[in-house]
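Below is one structure; the comments refer to it alone.
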Amino acid sequence: MSEFESDPSGSEGVAIAGARLVPHITIQAFCENAKTAQMIEQAVADRRMNKVALTTHNGGINAAVEIYRLNPTPNLIILESALQANELIDRLHELSSVCDASTRVIVIGHQNDVELYRKLMRFGVSEYLVMPIDSSALVDTISEQFASESSEPIGRTIAFLSAKGGAGSSTIAHNTAWAISQTVRRDVLILDMDLAFGTAGLNYNQEPPHGLADAVFSKDIVDDVVIDRLMSKCANHVNLLTAPGTLDRDYDFEERSFEQIVEICQNNVPLVVLDLPHAWNAWVRHTLSTVDEIVVVAEPDLANLRNAKTILDKLKELRPDEAEPILVLNKVGISKRPEIAANEFGSSIDTECFAQIQFDPALFGSAANNGQMISEVNASHKINETFTNLALKTTGRSSQSGAQHGGMIPGLLKKLKLA
Numbered sequence: 044m045s046e047f048e049s050d051p052s053g054s055e056g057v058a059i060a061g062a063r064l065v066p067h068i069t070i071q072a073f074c075e076n077a078k079t080a081q082m083i084e085q086a087v088a089d090r091r092m093n094k095v096a097l098t099t100h101n102g103g104i105n106a107a108v109e110i111y112r113l114n115p116t117p118n119l120i121i122l123e124s125a126l127q128a129n130e131l132i133d134r135l136h137e138l139s140s141v142c143d144a145s146t147r148v149i150v151i152g153h154q155n156d157v158e159l160y161r162k163l164m165r166f167g168v169s170e171y172l173v174m175p176i177d178s179s180a181l182v183d184t185i186s187e188q189f190a191s192e193s194s195e196p197i198g199r200t201i202a203f204l205s206a207k208g209g210a211g212s213s214t215i216a217h218n219t220a221w222a223i224s225q226t227v228r229r230d231v232l233i234l235d236m237d238l239a240f241g242t243a244g245l246n247y248n249q250e251p252p253h254g255l256a257d258a259v260f261s262k263d264i265v266d267d268v269v270i271d272r273l274m275s276k277c278a279n280h281v282n283l284l285t286a287p288g289t290l291d292r293d294y295d296f297e298e299r300s301f302e303q304i305v306e307i308c309q310n311n312v313p314l315v316v317l318d319l320p321h322a323w324n325a326w327v328r329h330t331l332s333t334v335d336e337i338v339v340v341a342e343p344d345l346a347n348l349r350n351a352k353t354i355l356d357k358l359k360e361l362r363p364d365e366a367e368p369i370l371v372l373n374k375v376g377i378s379k380r381p382e383i384a385a386n387e388f389g390s391s392i393d394t395e396c397f398a399q400i401q402f403d404p405a406l407f408g409s410a411a412n413n414g415q416m417i418s419e420v421n422a423s424h425k426i427n428e429t430f431t432n433l434a435l436k437t438t439g440r441s442s443q444s445g446a447q448h449g450g451m452i453p454g455l456l457k458k459l460k461l462a
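Residue numbers (our numbering): 44 to 462.
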């Protein structure tokens, strides 16, 4: 439910009336005192926080810096520190060099210092709280950052589209989403928008009773509670809104039919993967004009080349100030088939080919028939590196090994995203 009745007993774990659920986010807390860690863990017991994944660490800012040198940062970092103002800001500078630009930071301190508060706000820290505080105050702060009407959406939208039918964009989308869940370790929601013939349910070996069609055809108001109820969880950090895959009705939609659904998903899940059908109509065009990233999947032949050029030219017209689409060549190396080389394919359409995926019918066929991802069938196969690089690229991180924390000017915490 999106609202909770207040508890007259004032017991812990019951949200105040009118409160909104905090969306699916990951929080990592770095505490210097056991009492602080206990207070933060109590906060997650609040019903507003039942979608939140929390991890607590000992060691304060120093521990955070060391961990994020090698690991991706979560949606929210909570830092406890007893450092004086200048030293605290110096350590936050160091943290910023290993922190993703989308990560928000709450600092818990022990100094009731207005000047320190102002300095931290100027640097881009989302909030500064002074101990002692209770868990409900922390929940209120987190809710203001992620669940208030004025807060920025937390979700990044990534659309996958085939240049030609059968090029394999759905398979690439599903495996990239899996790689995101394993590499970035944030919740991913896959929207299978090919309602007639979508394969997300098959590829993940899921048969949920409800899915995306229930939302788009609903005569009732669709909100985050409805979307959360329709989602099916198929693995750690992986959620689905599947397509029915039936022909018992026509799937004709208006231009903005999916707009509200995508926005609700974006407000509640950190990463939203849109598996689009190979089609061109008003709603597909509008959806592509609004997403953060687009991956165009093509095979290395003439028909795909023509279609890819047509699509990319149109997308550049629709999105003049947005990131250019990412081109992936799939099914490369089919025996006896004349192919266009990747460099020639890219130069012909004035776009660099990001990745080439070799044709391997045994590997991909086994995965499809078993309802598994490629890494589940063969974890050591080289193709998994391609999906990892694509996962890092589409989520705004570097595709270079060991450099996953792109997007910030080193030393500037003001690049941290504010609500």
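For each residue, glycine too, the CB sits at the ideal point set by N, CA and C.
Treat the numbers as computed from the prediction; the structure is a model and nothing was measured.
Looking at the structure shown, is D183 part of a helix, part of a strand, or coil, going by DSSP? On the sequence shown, residue 183 is found 140 positions in, with the first residue counted as 1. In the structure shown, D183 sits in a helix (DSSP, three-state: H, G or I).
Whose C-alpha, out of S378, S139, G241, V265, is nearest the C-alpha of E302? Against the sequence shown, residue 302 aligns to sequence position 259. Of S378, S139, G241, V265, the residue nearest in Cα terms is V265.
- request: On the DSSP bridge assignment, give the partners of I70 in chain order.
  value: Looking up residue 70 in the sequence shown gives position 27. Partner(s): L97, L119.
| query | Since R199 sits in a beta bridge, which residues does DSSP pair it with? | reply | Within the sequence shown, residue 199 is the residue found at index 156, counting from 1. Bridge partners of R199: L314.
*asked:* Let's test the definition: count the other Cβ atoms within 10 Å of the Cβ of R63 and tell me whether it reaches 16, buried, or not, exposed.
replied: The residue labelled residue 63 in the question sits at position 20 within the sequence shown. Under this definition R63 is a buried residue.
(message) When you compare the segment 195 to 208 with the segment 334 to 346, are there three or more beta-carbon pairs, one atom per stretch, that lie closer than 8 Å?
(response) yes
What residue range is occupied by the uninterrupted alpha helix (DSSP H) comprising S224?
As a first step, residue 224 is located in the sequence shown; it is residue number 181 there, counting from the start. Counting along the chain, the alpha helix (DSSP H) containing S224 begins and ends at 212 to 226.
Q.
As an exercise, report each continuous alpha helix (DSSP H) stretch of at least 4 residues that is fully enclosed by the segment 393 to 438, in chain order.
A. 404 to 413, 417 to 420, 426 to 437
Handout entry: Local conformation of V371 per DSSP, three classes
Key = Residue numbering aside, residue 371 sits at position 328 when the sequence shown is read from its first letter. It is a strand residue.
**Assigned secondary structure, I149 (DSSP; H/G/I helix, E/B strand, else coil)** = Residue mapping note: residue 149 aligns to position 106 of the sequence shown, counting from 1. Correct three-state label for I149: strand.
Exercise for review: For L172, write down the residues that DSSP places opposite it in a beta bridge.
Suggested key: On the sequence shown, residue 172 is found 129 positions in, with the first residue counted as 1. Answer by DSSP bridge pairing, in chain order: I151.
Check: Expressed to the nearest angstrom, what Euclidean distance is found between the alpha-carbon atoms of A384 and A422?
Finding: On the sequence shown, residue 384 is found 341 positions in, with the first residue counted as 1. On the sequence shown, residue 422 is found 379 positions in, with the first residue counted as 1. Using only the alpha carbons, I get a separation of about 28 Å.
When T285, Q188, A434, T226 are compared against N246, the one with the closest alpha-carbon: The count along the sequence shown starts at 1 and reaches residue 246 at position 203. N246 has its Cα closest to that of T285, out of T285, Q188, A434, T226.
key: the segment 268 to 288 contacting the segment 158 to 166, beta-carbon criterion three pairs below 8 Å   = no
Rank F430, V259, K357 by C-alpha distance to the C-alpha of I307 and give the top, closest one. Numbered from its first residue, the sequence shown carries residue 307 at position 264. The candidate whose alpha carbon is nearest that of I307 is V259.
Span separating the alpha-carbon of K425 from that of T437:
Numbered from its first residue, the sequence shown carries residue 425 at position 382. Numbered from its first residue, the sequence shown carries residue 437 at position 394. Rounded to the nearest angstrom, the two C-alpha atoms are 19 Å apart.
* To do: Mind the definition here: the segment 177 to 190 touches the segment 87 to 99 only if three or more C-beta pairs lie below 8 Å; say whether that holds.
  => yes
Check: By the 10 Å Cβ neighbour count, where 16 or more other Cβ atoms means buried, how is L30 classified, buried or exposed?
Finding: Any property of residue 30 remains undetermined from this structure, which presents the chain solely from 44 to 462.
Can you list, in chain order, the residues of its chain whose CB lies under 7 Å from that of Y294, leaving out five sequence neighbours each side? Within the sequence shown, numbered from 1, the residue matching residue 294 stands at position 251. Counting only Cβ-Cβ distances below 7 Å, and skipping sequence neighbours, we find L238, A239.
Backbone secondary structure at N114 - three-state DSSP: Residue numbering aside, residue 114 sits at position 71 when the sequence shown is read from its first letter. Coil, per DSSP.
Q. Relative to the alpha-carbon of F189, which residue among L119, A220, D230 has its alpha-carbon at the smallest distance?
A. Against the sequence shown, residue 189 aligns to sequence position 146. Answer by Cα proximity: L119.
Own chain partners of Q309 with C-beta closer than 7 Å, once the 5 adjacent residues on each side are dropped:
Taking the first residue of the sequence shown as 1, we reach residue 309 at position 266. Result list for Q309: P196, G198, T200, V315, in chain order.
#### Entry: Proximity of V281 and S224 at Cβ, strictly below 8 Å
Along the sequence shown, one-based indexing puts residue 281 at 238. Along the sequence shown, one-based indexing puts residue 224 at 181. Against a cut-off of 8 Å, the Cβ pair of S224 and V281 comes out as a contact.
Reduced DSSP category for R63 - H, G, I as helix; E, B as strand; rest coil | Position 20 of the sequence shown holds residue 63. In the structure shown, R63 sits in coil (DSSP, three-state: anything other than H, G, I, E or B).
From which residue to which residue does the beta strand (DSSP E) around L319 run? Taking the first residue of the sequence shown as position 1, residue 319 is located at position 276. Unbroken run through L319: none, as it is neither H nor E.
Next on the checklist: So, at 7 Å on beta carbons, what are the nonlocal neighbours of L461 in its own chain, with the 5 sequence-adjacent residues on each side left out?
Outcome noted: The sequence position of residue 461 within the sequence shown is 418, counting from 1. Its pLDDT being 33, under 50, L461 is placed unreliably by the model, and the measurement read from it follows with that caveat. Correct list, in chain order: G167, S169.
* Pull up the DSSP beta-bridge partners for K276, would you. => Locating residue 276 in the sequence shown gives position 233, where the first residue counts as 1. Per DSSP, N282.
inquiry  = So, with DSSP's three-state summary, where would you put V141?
reply    = Position 98 of the sequence shown, counted from the first residue, corresponds to residue 141. If DSSP states are grouped into helix, strand and coil, V141 belongs with coil.
Since A216 contacts F430 with CB under 8 Å, what's their CB separation in whole angstroms? Taking the sequence shown and counting its residues from 1, one reaches residue 216 at position 173. Taking the sequence shown and counting its residues from 1, one reaches residue 430 at position 387. Contact flag wrong, Cβ pair sits at about 10 Å.
For this session: Identify the continuous alpha helix (DSSP H) that holds I83 and give its terminal residues.
Result: Taking the sequence shown and counting its residues from 1, the one referred to as residue 83 is at position 40. Note, I83: alpha helix (DSSP H), 77 to 87.
Original post:
To the nearest whole angstrom, what separates the beta carbons of L122 and V95, a pair I think is in contact under 8 Å?
Top reply: As a first step, residue 122 is located in the sequence shown; it is residue number 79 there, counting from the start. As a first step, residue 95 is located in the sequence shown; it is residue number 52 there, counting from the start. That pair is no contact at about 17 Å.
query = Whose C-beta lies closer than 7 Å to the C-beta of N155 among residues of the same chain, with five residues either side of it excluded?
reply = Locating residue 155 in the sequence shown gives position 112, counting from the first residue. So the list reads V173, once near-sequence residues are dropped.
* Give the straight-line distance between the Cα atoms of I467 and N101, rounded to the nearest whole angstrom. => The chain is shown from 44 up to 462; residue 467 falls before or after that span and cannot be answered.
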